[in-house]
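In case it helps, our numbering puts the sequence shown at residues 5 to 429. Ideal Cβ positions, reconstructed from N, Cα and C, are used throughout, including at glycine. Remember, it's a predicted structure, so these values are computed and weren't measured experimentally.
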Amino acid sequence: MNHFEYRDGELFVEDVPIARIAEQVGTPFYCYSTATLARHYRVLREGLGDLDALICFAVKANSNIALIRTLGLMGAGADVVSEGEMRRALAAGIPPERIVFSGVGKTRAELAMALDTGILQINVESEPELRLLNEMALERGKKAVIGLRVNPDVDAHTHAKITTGRKENKFGIEWTKAPDILRLAHGLPGIQLASIAIHIGSQLTELAPFRAAFLKLRELVESLKKDGIVLPRLDLGGGLGVPYEATRNEMPPLPAEYGALVKEVFGDSGHSLLLEPGRLLVGNAGTLISQVLFVKKGESRNFVICDAAMNDLVRPAMYDAHHDIRAVTEPAAGSDYAPFDVVGPVCETGDTFARQRPLPPLAEGDLIAFATAGAYGATMSSTYNSRPLVPAVLVKGDQFAVVRARPTYEQMFSLESVPEWVEQG
Ligand SMILES: *Cc1c(COP(=O)(O)O)cnc(C)c1O
Numbered sequence: 005m006n007h008f009e010y011r012d013g014e015l016f017v018e019d020v021p022i023a024r025i026a027e028q029v030g031t032p033f034y035c036y037s038t039a040t041l042a043r044h045y046r047v048l049r050e051g052l053g054d055l056d057a058l059i060c061f062a063v064k065a066n067s068n069i070a071l072i073r074t075l076g077l078m079g080a081g082a083d084v085v086s087e088g089e090m091r092r093a094l095a096a097g098i099p100p101e102r103i104v105f106s107g108v109g110k111t112r113a114e115l116a117m118a119l120d121t122g123i124l125q126i127n128v129e130s131e132p133e134l135r136l137l138n139e140m141a142l143e144r145g146k147k148a149v150i151g152l153r154v155n156p157d158v159d160a161h162t163h164a165k166i167t168t169g170r171k172e173n174k175f176g177i178e179w180t181k182a183p184d185i186l187r188l189a190h191g192l193p194g195i196q197l198a199s200i201a202i203h204i205g206s207q208l209t210e211l212a213p214f215r216a217a218f219l220k221l222r223e224l225v226e227s228l229k230k231d232g233i234v235l236p237r238l239d240l241g242g243g244l245g246v247p248y249e250a251t252r253n254e255m256p257p258l259p260a261e262y263g264a265l266v267k268e269v270f271g272d273s274g275h276s277l278l279l280e281p282g283r284l285l286v287g288n289a290g291t292l293i294s295q296v297l298f299v300k301k302g303e304s305r306n307f308v309i310c311d312a313a314m315n316d317l318v319r320p321a322m323y324d325a326h327h328d329i330r331a332v333t334e335p336a337a338g339s340d341y342a343p344f345d346v347v348g349p350v351c352e353t354g355d356t357f358a359r360q361r362p363l364p365p366l367a368e369g370d371l372i373a374f375a376t377a378g379a380y381g382a383t384m385s386s387t388y389n390s391r392p393l394v395p396a397v398l399v400k401g402d403q404f405a406v407v408r409a410r411p412t413y414e415q416m417f418s419l420e421s422v423p424e425w426v427e428q429g
């Protein structure tokens, strides 16, 4: 459930009409609902029951500081994959002891910052990273607290670009090598092996791959125990999918079902647990609002050309992803829906949000909303075609605020300069 609904013929976010925000902020813009975000966190939390589990929000899904802060105040930690994300989490007030640092290619500077900040754990993804971190910790007279990310080699049945848990993926330590590297990690003087971590992919729409990965993880943990290696924590990653289509039947498992599975496999294991959901928490809490620039009727196709583009929301171009599109003014009952291609102004054929999508009558100036754009929307946006990054608005009840401003062109160009010798020809 989310809080984007029609009231009196107009699309609202919680208690605020979207048209009112658009008037004030201009289009396009991302709009987030606090109530939806909070609800998703609570539902997952409740699904885990009395398990000793920390929910570390995967910041790469949406790194807006106001959103991270909202989750942090509810008790969430953060899963970060770069120094920038770590700094954002800290800026949002997430305590270091609730921060996990994941990622296959951390730089020395990033590892140094993680060590010096004293975060909860660094998830190590390769043997060279393990050895480097060991050295860096010893130089500092410390132990690096780590999770070792292993790759359980299960098929998550998700889009090829977002599957991560097969042996041909770049992530984690190969399953067959994991026992040796875990023993190595356990013996290194600069390393405190605190956890094993897995993360098998994103937008998973069934529980079976989670179950397979969890069972393999549990088996691995038990075999380590026989060698006297006992870990306090297990990190189960993220990946639970969200429904992108209100009308079709692609229904991912409910957070409660996922929670029940976690309890079933790990409830009596004696470990505390880390979860790293991203999309699940923010996906349906965000929408991208755009204005129709032109309606272009062609011989074979009709186009809705809007002011948002692939640089603002790349998921359709990159993953063939579906986003429901709603007219902000509620279509009159009995409106004739006709198929349209919905496209942006960017000079790429890939700048297409939807092909042959049945839409109600739309005209120049009308507002449309791309639903379920809260995850991997704003964070994957770019300034391609020198389009400024779009602002973000956070709504709570009848209040709203711009939580990321639209940059001016001066700000956009401020890091660039023309060397003198360019002038000399
Ligand atoms: C991306 C990522 C996540 C979050 O994935 P979602 O599908 O958004 O839940 C969690 N953990 C790691 C290590 C990731 O890379």
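Grab me the residues of Gly-354's own chain with a C-beta within less than 8 Å of its C-beta, minus the 5 sequence neighbours each way, in chain order. Short of 8 Å from the beta carbon of Gly-354, and not among the five residues preceding or following it, lie these beta carbons of its own chain, in chain order: Met-314, Ala-321.
Determine the extent of the alpha helix (DSSP H) in which Phe-175 is found, giving its start and end residues. First-last for Phe-175: undefined, no H or E at that position.
Proximity test, Leu-77 beta-carbon vs ligand 1 heavy atom, cut-off 7 Å: Result no, Cβ not under 7 Å from ligand 1.
Tell me whether Lys-64 counts as near ligand 1, meaning its Cβ is closer than 7 Å to at least one heavy atom of that ligand. Under cutoff, so the answer is yes.
Taking the C-alpha atoms as reference points, what is the distance between Pro-32 and Leu-317? One C-alpha to the other measures close to 11 Å.
Using CA atoms only, rank isn't needed, just tell me which of Tyr-10, Ala-26, Glu-18, Tyr-34 is closest to Val-407. Closest by C-alpha distance to Val-407, out of Tyr-10, Ala-26, Glu-18, Tyr-34, is Tyr-34.
In angstroms, rounded to a whole number, what distance separates the CA positions of Gly-429 and Ser-421? Cα to Cα, the separation comes out at about 16 Å.
Quick one: is the Cβ of Gln-207 within less than 7 Å of any heavy atom of ligand 1? Relative to ligand 1, the nearest heavy atom lies less than 7 Å away from the CB of Gln-207.
Using the Cα positions of Cys-60 and Thr-291, report the straight-line distance between them to the nearest angstrom. Each residue's Cα considered, the two are about 23 Å apart.
Leu-366, buried or exposed, once every other Cβ within 10 Å from all chains shown has been counted against 16: Burial is judged here by how many other beta carbons sit within 10 angstroms of a residue's own beta carbon; Leu-366 has at least 16 and is buried.
Could you check if Val-85 belongs to the surroundings of ligand 1, using beta carbon to heavy atom distance under 7 Å? Indeed, a heavy atom of ligand 1 lies less than 7 Å from the Cβ.
Burial state of His-44 (16 or more Cβ within 10 Å): Answer is buried; the Cβ neighbour count reaches 16.
So, helix, strand or coil for Asn-389, using DSSP? In the structure shown, Asn-389 sits in a helix (DSSP, three-state: H, G or I).
Span of the beta strand (DSSP E) around Val-154: Unbroken beta strand (DSSP E) run through Val-154: 148-155.
Does the Cβ-Cβ distance between Leu-136 and Leu-197 come in under 8 Å? Against a cut-off of 8 Å, the Cβ pair of Leu-197 and Leu-136 comes out as no contact.
Leu-284: CB within 7 Å of a non-hydrogen atom of ligand 1: Yes - ligand 1 has a heavy atom lying nearer than 7 Å to the Cβ of Leu-284.
Tell me whether Pro-281 is buried or exposed, calling it buried when 16 or more other Cβ atoms sit within 10 Å of its Cβ. If you draw a 10 Å sphere on the C-beta of Pro-281, you find 16 or more other C-beta atoms in it, and that means buried.
Unbroken beta strand (DSSP E) runs of length 3 or more, entirely within the stretch 326-362: which are they? List check, beta strand (DSSP E) in window: 329-331, 342-347.
Check whether the Cβ of His-7 lies closer than 7 Å to any heavy atom of ligand 1, and answer yes or no. Flag unset: Cβ of His-7 not near ligand 1.
Sequence-distant residues of its chain with Cβ nearer than 6 Å to Asp-370 (five each side left out): Result list for Asp-370: Val-296, in chain order.
Is Leu-244 a contact residue of ligand 1, with contact defined as CB to any heavy atom under 7 Å? The closest heavy atom of ligand 1 lies less than 7 Å from the beta carbon of Leu-244.
With respect to 7 Å, is the separation between the Cβ of Pro-213 and the closest non-hydrogen atom of ligand 1 below this value? The answer is no for Pro-213.
Which residues does DSSP list as the beta-bridge partners of Tyr-34? Answer is Leu-292, Ala-396.
Cβ-based burial, Val-149 [other Cβ within 10 Å; buried from 16]: Answer is buried; the Cβ neighbour count reaches 16.
N-terminal and C-terminal residue of the alpha helix (DSSP H) that Glu-14 is part of: Taken as a continuous stretch (DSSP letters only), Glu-14 belongs to no alpha helix (DSSP H), being part of the beta strand (DSSP E) at 14-17.
Using only the alpha-carbon positions, how far apart do Asn-155 and Gly-241 sit? Approximately 11 Å between the Cα atoms of the pair.
Is Glu-280 near ligand 1, judged by its Cβ being under 7 Å from some heavy atom? Yes - ligand 1 has a heavy atom lying nearer than 7 Å to the Cβ of Glu-280.
Can Ile-309 and Pro-343 be called in contact, C-beta distance under 8 Å? When the beta-carbon positions are compared, Ile-309 and Pro-343 stay at least 8 Å from each other.
Identified DSSP bridge partners for Leu-197: According to DSSP, Leu-197 bridges with Ile-150.
Does the distance between the C-beta of Ser-106 and the nearest non-hydrogen atom of ligand 1 fall short of 7 Å? Result yes, Cβ under 7 Å from ligand 1.
With a threshold of 7 Å (Cβ to nearest heavy atom), would Gly-241 be considered close to ligand 1? Yes; taking the cut-off as 7 Å, the Cβ of Gly-241 has a heavy atom of ligand 1 nearer than that.
Close Cβ partners of Pro-21 (< 6 Å) along its chain, the five nearest in sequence each way excluded: Excluding sequence neighbours, Pro-21 sits near Glu-14.
Please find out if some non-hydrogen atom of ligand 1 comes closer than 7 Å to the beta-carbon of His-44. Here the distance from the Cβ of His-44 to the nearest heavy atom of ligand 1 is not below 7 Å.
Would you say His-203 touches ligand 1, meaning its beta carbon is less than 7 Å from a heavy atom? His-203: yes, Cβ under 7 Å from ligand 1.
Let me check you understand the geometry: is the CB of Ala-379 closer than 7 Å to at least one non-hydrogen atom of ligand 1? The answer is yes for Ala-379.
Among the candidates Lys-400, Ser-67, Ala-39, whose CA atom is the shortest distance from the CA of Gly-381? From the listed residues Lys-400, Ser-67, Ala-39, the smallest Cα separation to Gly-381 is found for Ser-67.
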